[in-house]
Amino acid sequence: MAAVDHNCHPLLASGSPRSALELRRAFTEALDPVVIESHTPHLVAYRHALRRIAEALGCEATEESVLEARSRVDADQLMQQTRTGLLILDHGYAGGDAMTPEQHAAAVRIPQREVVRLETVAEEMLHAHHEIGTWTDAVTGELRARVRRGAVGVKTISAYRAGLRLSVPDPDLVEEAFVELHTRAESGLPVRLEGEPLCHTVLFAAAAACAELGVPLQVHCGFGDPDEDLALTSPLGLRPLFVDPRYAQLQVALLHCYPYHREAAYLASVFPGVYMDLSLAIPMAAHDGARALSEALGLCPLSKLLYATDATRYAEVFLVASALHREALAAALGGLVDGGWLSQDEAVAAGRAVLAGNARRLYRLD
Amino acid sequence: MAAVDHNCHPLLASGSPRSALELRRAFTEALDPVVIESHTPHLVAYRHALRRIAEALGCEATEESVLEARSRVDADQLMQQTRTGLLILDHGYAGGDAMTPEQHAAAVRIPQREVVRLETVAEEMLHAHHEIGTWTDAVTGELRARVRRGAVGVKTISAYRAGLRLSVPDPDLVEEAFVELHTRAESGLPVRLEGEPLCHTVLFAAAAACAELGVPLQVHCGFGDPDEDLALTSPLGLRPLFVDPRYAQLQVALLHCYPYHREAAYLASVFPGVYMDLSLAIPMAAHDGARALSEALGLCPLSKLLYATDATRYAEVFLVASALHREALAAALGGLVDGGWLSQDEAVAAGRAVLAGNARRLYRLD
Amino acid sequence: MAAVDHNCHPLLASGSPRSALELRRAFTEALDPVVIESHTPHLVAYRHALRRIAEALGCEATEESVLEARSRVDADQLMQQTRTGLLILDHGYAGGDAMTPEQHAAAVRIPQREVVRLETVAEEMLHAHHEIGTWTDAVTGELRARVRRGAVGVKTISAYRAGLRLSVPDPDLVEEAFVELHTRAESGLPVRLEGEPLCHTVLFAAAAACAELGVPLQVHCGFGDPDEDLALTSPLGLRPLFVDPRYAQLQVALLHCYPYHREAAYLASVFPGVYMDLSLAIPMAAHDGARALSEALGLCPLSKLLYATDATRYAEVFLVASALHREALAAALGGLVDGGWLSQDEAVAAGRAVLAGNARRLYRLD
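Here it is as structure tokens:
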């Protein structure tokens, strides 16, 4: 069935990868050139991805052949093979060469919606506001405006910028950090929102706004690129969002989660607004991403698991991630049928729910 | 063989569940009505439990059929199907409708013993004592008296009330917290023991008393209902109980443990007094509870794993939990035989030990 | 193929185990006599090890038969059966009865190299230096000298002595701890380096020295004997070593890792200098050690996983650990071939890399 990919990123305008290094970068969270040169080729996930892409392109499973064959194939043609019914795109992470929403809609014949990246908005709003309060109001005002214009959710990458061990920030530290960053912004220097005081302040403000707007807050959890300290990214740190009555209506989509997916599944089992996915772990963690999906289904209700690729830049990433995710889901659900845990009908219904139904309900897509 | 269920709770006097919501509440740690209404039915564990109960009752696997068929079946009749030789009951968690020990013994034809819930005793003793020292003495005195009258162990739910990151509490904070709570108690207001200073003070005192009395201290670890912060419930936080010579004779039964079961198994492998179970994870975490049991057997000696259902309220919970626990154990041990890790005889002996022998030795039941 | 065992310890001069208790101590991290007397015999890993050794010796799988048969077999004869091409030995952990490097080289016909145990060097240098700075200089000077004389790496057991949550120690606390320990050393009292201020100071100094010398720093991570607090031993705490430019050239071998092996694999996937092994977990965690190896291969590049036994004292430990490690690796890689993740050729190449190639490159053995 046509899936809803609730968390992915735009393709590059430049099209297909031009070198082996570009191809490898698409299948690892590593940023270091030595890793990509010497170790990424030895990832199980990368070895497998190469073979998958080669199969789709009808060429040999070598980097040279894949790059050559790929340069003659249109991105949209590969995107169609992912059997995706809707892309929910985060345009906040991209870099200069990423397609704009308009370009993307024109280039890829799959319906598309947007989520707003919180930290990008917060950074953009910084130079125009002299006080914390007016700044956070401006940020939530912008989120409201973007949702009014069609955005279906908000995304935070606080995991990278401050970690996820939430507590109410000390107002003095918030003030101090704000003055420093605002001064930079006013001087025209580039600003990067980071540190608990500011990041958690805007995160709490955005959570309240999302609760009010009725759109989910996507939270990057678990592993990612080495800018983050993995020790600070367990979704258990988000507990204040789940127990404080101010956020009672908030819906949170925990993204990636690995290796904290059992913890994420627990949260999904007891808190009404918590959803989760295993994107990024599938395909990056190869067979162990598939095992993580099965582990998560221990506690996560079948109505709370979401499908996503977290793919970015190249259509082949969508292709590999979508195929592996469907297979991991089929393997996990098939195993549950074989083990007598679910009936065949329940497993089929669960597959449909995870691939599309849960996201359609959560993001109010119908 | 007849199992020793070393950690379970009394049935309700009202008998069978009267509604789908009551039935669902029995198979989830969620408390939120939205979760129970909309998501608990989509738990793998709940889908499976429905089918198990329907099979036992000879009816269709729908909530309506199960509720109807169940209303005509006696709780004790289902309890007999669990093949349990002894129930070790925690009457401290119940609510008004739970059977008293006397009612329970009359209603269920299975031998029964009790564990004392520490926090309940500590709350009851609060109004009569004006000083910390006399209060904790009264608490341990009551534990001693209850053990003399037949209790086989003490149980702590510090995980819910304060977390398990034990350290010696600051005396000033203890005093302050005590005065506040005692004042409430004297005013006739309801009191709830919570926070590290008081909870850990009574936990250390109870640990010393248990060591002296020769009865195990049961400690809720890992997941549970959302009152607890899962991040604070790893059994690794209990280390002071394992390395401080004052508690050298203490025996601790780590309950549930998931998803910290590998950590619990490690503790069981190196500290003489540490035992563990996978109750609650089986049946709540479905197939992943069974996998967790296999994971725990990596380090946990076969002489240290205990069997329990953590069942409560309804006989069908005992029925499902006991069946799944036996199957998980059979699968794990069978897998070890298939993999050449254990001989058939060793696996059979291990099964007997886990189902009953280990608990009989630990609780001195013979 | 002949493996490189990059992390193991010397045999005892006294030869084979003389009692069941000695045999059991070789297959557990427990130190407590009650555990070893009553529970170690019930470890899956120990049951299995007994059978393995009995098979190799052609005797019955009982402790008595094994001890008797073993007393007639030469250690070197068993060591040859491990098909090891090189032993990288840590002579720092041993006790009085361990063979010296010279004795070991004479007794075991397998090429041998050494790693230097940091904490042992730091303790030995303590009495001769009155200031922190000259002491750490002397420590790194000794590391340099030992590497010049042939040592291929440095090993830290900071996990036992201070935990692995690294941050730059407070200079005042460092000074205070140094004065106290130095005073003990000057008085001729035995000294034990422990606590974050001193342990992390020498760890950072050693890391800088290793980076400069081009030799890897081995770091004990994850489980071990109960001297350590497992909660403090996640390799994620080592992040300062991976992101601080001062250590850009540092190569780190994360030893053992269990149950933090998914975290270790993540670090290996993004940081160029991070390698890991599953020693100790294999064989101590039996089947779950093998599962951990498969889990680690989710993110860990095949070029970054190392083979080791962590064996010590008796040749039978080398025998069992080496056999189980090869089998775990074969099972994990075979599973990847069966699941379509790797080709047969890739799996074979990966096996060779893990068993020897990766270590040969990392330790510059060729």
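Residue numbers (our numbering), protein chains in the order written: chain D, 96 to 461; chain F, 96 to 461; chain P, 96 to 461. In this text, a Cβ means the ideal position worked out from N, Cα and C, and glycines have one as well.
Residue interval of the beta strand (DSSP E) (run including residue i)
{"i": "GLY236/D", "result": "It is not in any beta strand (DSSP E) - GLY236/D instead sits in the alpha helix (DSSP H) that spans 227 to 243."}
{"i": "GLN313/F", "result": "312 to 316"}
Residue i to residue j span [Cα, whole Å]
{"i": "GLY368/D", "j": "ASP127/F", "result": "10 Å"}
{"i": "ILE131/F", "j": "SER364/D", "result": "9 Å"}
{"i": "LEU331/F", "j": "VAL314/F", "result": "12 Å"}
{"i": "ALA300/D", "j": "THR251/D", "result": "12 Å"}
{"i": "LEU437/D", "j": "LEU431/D", "result": "6 Å"}
{"i": "LEU397/P", "j": "GLU390/P", "result": "13 Å"}
{"i": "ALA376/D", "j": "ASP100/D", "result": "15 Å"}
{"i": "ALA200/F", "j": "LEU327/F", "result": "36 Å"}
{"i": "ASP433/P", "j": "ALA387/P", "result": "18 Å"}
{"i": "PRO264/P", "j": "THR296/P", "result": "7 Å"}
{"i": "PRO105/D", "j": "HIS351/D", "result": "18 Å"}
{"i": "PHE366/F", "j": "ARG147/P", "result": "26 Å"}
{"i": "LEU392/D", "j": "ASP372/D", "result": "11 Å"}
{"i": "ALA233/P", "j": "ASP324/P", "result": "29 Å"}
{"i": "PHE318/P", "j": "LEU419/P", "result": "18 Å"}
{"i": "ALA246/F", "j": "ASP169/P", "result": "55 Å"}
{"i": "ALA381/D", "j": "LEU394/P", "result": "7 Å"}
{"i": "THR123/D", "j": "ARG357/P", "result": "16 Å"}
{"i": "ASP192/F", "j": "ALA125/F", "result": "20 Å"}
{"i": "VAL203/D", "j": "PRO335/F", "result": "59 Å"}
{"i": "LEU173/P", "j": "GLY384/P", "result": "23 Å"}
{"i": "ALA164/D", "j": "ALA445/P", "result": "27 Å"}
{"i": "LEU362/F", "j": "ALA410/F", "result": "33 Å"}
Chain-ordered chain D contacts of residue i [CB-CB under 7 Å]
{"i": "PRO367/P", "result": "ASP127, VAL129, VAL130"}
{"i": "ARG142/F", "result": "LEU437, GLU441"}
Interface residues of chain D facing residue i [CB-CB closer than 8 Å]
{"i": "LYS399/P", "result": "HIS134, HIS137"}
{"i": "LEU118/F", "result": "Under the 8 Å cutoff, chain D gives no residues; its nearest Cβ is about 16 Å from LEU118/F."}
Beta carbon proximity, residue i to chain A, threshold 8 Å
{"i": "SER364/D", "result": "As a matter of chain content, chain A is missing from the structure shown, whose protein chains are D, F and P."}
Contacts that residue i makes with chain D (C-beta to C-beta distance below 9 Å)
{"i": "PRO311/P", "result": "Simply none; closest approach about 15 Å."}
{"i": "ALA326/F", "result": "ARG260, SER329, LEU331, GLY332, ARG334, GLU358"}
{"i": "ASP383/F", "result": "ARG357, ALA360, SER389, GLU390, ALA391, LEU392, GLY393, LEU394"}
{"i": "PRO378/F", "result": "None at all; the shortest Cβ gap to chain D is about 10 Å."}
{"i": "LEU152/P", "result": "Those do not exist, as LEU152/P stays about 37 Å from chain D at its closest Cβ, beyond 9 Å."}
Interface partners of residue i on chain P, CB under 8 Å
{"i": "GLY191/F", "result": "Simply none; closest approach about 39 Å."}
{"i": "THR123/D", "result": "SER364, VAL365"}
Contact set between residue i and chain P, taken where Cβ atoms lie within less than 7 Å
{"i": "TYR361/F", "result": "PHE318, LEU325"}
Endpoints, the alpha helix (DSSP H) within which residue i is located
{"i": "HIS224/F", "result": "From DSSP, HIS224/F is part of no alpha helix (DSSP H); its letter is neither H nor E."}
{"i": "GLY446/F", "result": "439 to 447"}
{"i": "ALA454/D", "result": "453 to 457"}
Residues that residue i contacts on chain F, provided the C-beta gap is smaller than 8 Å
{"i": "GLY434/D", "result": "HIS382"}
Contact set between residue i and chain F, taken where Cβ atoms lie within less than 7 Å
{"i": "LEU431/D", "result": "VAL139, HIS382"}
Runs of beta strand (DSSP E) lying entirely within the segment 195 to 221 of chain D, each at least 3 residues, in chain order: 207 to 212
3 or more residues per run - each beta strand (DSSP E) lying fully within the segment 245 to 305 of chain D: 248 to 251
Contact the segment 212 to 219 of chain P vs the segment 342 to 354 of chain P: 3+ CB pairs below 8 Å: no
Sufficient close CB pairs (3 or more, under 8 Å) joining the segment 219 to 234 of chain P to the segment 184 to 201 of chain P: no
Ranges of the beta strand (DSSP E) found wholly within the segment 354 to 421 of chain F, counting only runs of at least 3: 369 to 372
4 or more residues per run - each alpha helix (DSSP H) lying fully within the segment 313 to 352 of chain P: 334 to 338
Segment contact, 8 Å Cβ cut-off, at least three pairs: the segment 439 to 454 of chain P with the segment 406 to 415 of chain P: no
Complete runs of the alpha helix (DSSP H) confined to the segment 98 to 186 of chain D [at least 4 residues]: 115 to 120, 128 to 133, 139 to 152, 158 to 165, 170 to 175
Any 3 or more C-beta pairs closer than 8 Å across the segment 274 to 288 of chain F and the segment 303 to 314 of chain F: no
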